[in-house]
Structure formats: structure tokens, C-alpha cells
Amino acid sequence: MATREALDHYQRGVHARSAREALECFSRALNLYRRQPGSPPPSPGSFDRDILAWMTKACLAMENLSKVIKLATEVIDYDGPIDEFSVQCLCYRRAARRQLGRLQEAFTDCLILNQIIPMNRENLFVMQWIATEMQEKRRHAGSGPQIVS
Numbered sequence: 612m613a614t615r616e617a618l619d620h621y622q623r624g625v626h627a628r629s630a631r632e633a634l635e636c637f638s639r640a641l642n643l644y645r646r647q648p649g650s651p652p653p654s655p656g657s658f659d660r661d662i663l664a665w666m667t668k669a670c671l672a673m674e675n676l677s678k679v680i681k682l683a684t685e686v687i688d689y690d691g692p693i694d695e696f697s698v699q700c701l702c703y704r705r706a707a708r709r710q711l712g713r714l715q716e717a718f719t720d721c722l723i724l725n726q727i728i729p730m731n732r733e734n735l736f737v738m739q740w741i742a743t744e745m746q747e748k749r750r751h752a753g754s755g756p757q758i759v760s
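Everything in the sequence shown is counted per my numbering, starting at 612 for the first residue and increasing by one.
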């Protein structure tokens with residue numbers, strides 16, 4: 612169970628006026644929660660996974676894309692069933708990877724999401740968009756400088 616102080620920081624983060632303020636509040640809440648003696652390890656629906664998902668969203672709003680990928684991966688890579696936090700963070704990580712030009716990794720996240728939520732219209736749209744970007748990138752890479760003799 613989270614301490615009262617950790618819950619207070621969590622609530623401040625949820626209602627923060629800026630992403631930076633939210634991230635600071637969630638970071639404090641997570642640190643307080645994890646320092647608590649006997650705090651349970653991350654599990655589906657657990658307080659720390661919830662905080663990490665909110666922190667990932669705040670980092671995406673601040674365009675701290677490498678932090679988005681790190682936090683989202685921490686939420687996704689736990690032993691247990693897929694839950695709403697995993698799905699949210701897969702979407703955030705997919706967006707960050709696409710913005711960083713890591714298109715193959717973003718496409719892989721689309722494929723994972725498609726296995727979890729088959730035929731989701733938004734994911735299918737993003738998957739098509741990324742595939743088109745990858746084709747464009749390959750086409751431009753193939754049309755390098757021409758040597759004229």
C-alpha cells in the first residue's frame with residue numbers, strides 16, 4: 612500500500628498544470644513508494660506501474676523521447692499478463708520511436724499492439740503510416756548521388 616505522502620504526490624501529478632510539474636510529482640511519488648519497507652514488486656495494476664505510465668505520458672508531452680522509451684519499456688517488460696498500462700505504454704513508445712526515426716522498432720510495436728488488440732483502427736492507421744515512411748526512406752536511400760562521367 613502506498614503511503615499517504617506518495618498518494619498526495621500522485622494526486623498532484625494527475626492534476627498538474629504542466630507536464631514538467633506532473634513528472635516531478637510522479638517521480639517523488641514513485642521514490643516514496645519504492646523506499647517504503649516491504650513495498651511489493653511491480654505487478655499488474657500496481658501503484659508503481661500506474662505512476663510509470665503517467666510519467667511516460669508526461670515525458671511524451673515534454674518530448675523527452677528517450678525517457679519515454681526507457682519508462683515505457685520498464686512498464687512493458689514485466690512478468691505478467693498484458694494490462695492497460697502495457698497497452699498505453701506501447702502506444703507511447705511507438706510514438707517516441709517513430710518521432711526519433713526508429714521506424715522498424717515503431718513498426719514492431721505496432722505488430723505487438725495488433726496481437727493484443729487485433730484490427731484496432733488507430734493502430735492499423737499508424738502501422739500503414741510507418742510502413743509508408745519506411746518505404747520513402749528506402750526509396751530516398753536508393754537514389755543517392757549520381758556519378759557522371
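Note that beta-carbon positions come from the ideal geometry of N, C-alpha and C, so glycine has one too. The structure presented is a predicted model; accordingly, all values stated were derived computationally and were not measured.
{"query": "Can you list, in chain order, the stretches of the alpha helix (DSSP H) that have 4 or more residues and sit fully within the segment 698–751?", "result": "714–727"}
{"query": "Which value, in whole angstroms, describes the spacing of the CA atoms of Gln-726 and Pro-692?", "result": "13 Å"}
{"query": "Between the C-alpha atoms of Ala-683 and Leu-701, what's the straight-line distance to the nearest angstrom?", "result": "7 Å"}
{"query": "I'd like to know whether the C-beta atoms of Ala-617 and Ala-633 end up nearer to each other than 9 Å.", "result": "no"}
{"query": "Quick one: using the 10 Å Cβ neighbour count with 16 as the cut-off for buried, is Thr-562 buried or exposed?", "result": "The first residue shown for the chain is 612 and the last is 760, placing residue 562 beyond what the model contains."}
{"query": "Tell me the residue span of the alpha helix (DSSP H) that contains Ser-629.", "result": "Careful: Ser-629 lies outside any alpha helix (DSSP H) and carries neither H nor E."}
{"query": "Can you check whether the CB of Glu-685 is closer than 9 Å to the CB of Leu-711?", "result": "no"}
{"query": "Hey, out of Leu-671, Met-738, His-626, Tyr-621, whose CA is closest to Gln-699's CA?", "result": "Leu-671"}
{"query": "Apart from the five residues on each side of it in sequence, which residues of its chain come closer than 7 Å, Cβ to Cβ, to Cys-721?", "result": "Arg-705, Asn-734, Val-737, Met-738, Ile-741"}
{"query": "Please report the straight-line C-alpha distance between Leu-714 and Tyr-621, rounded to a whole angstrom.", "result": "33 Å"}
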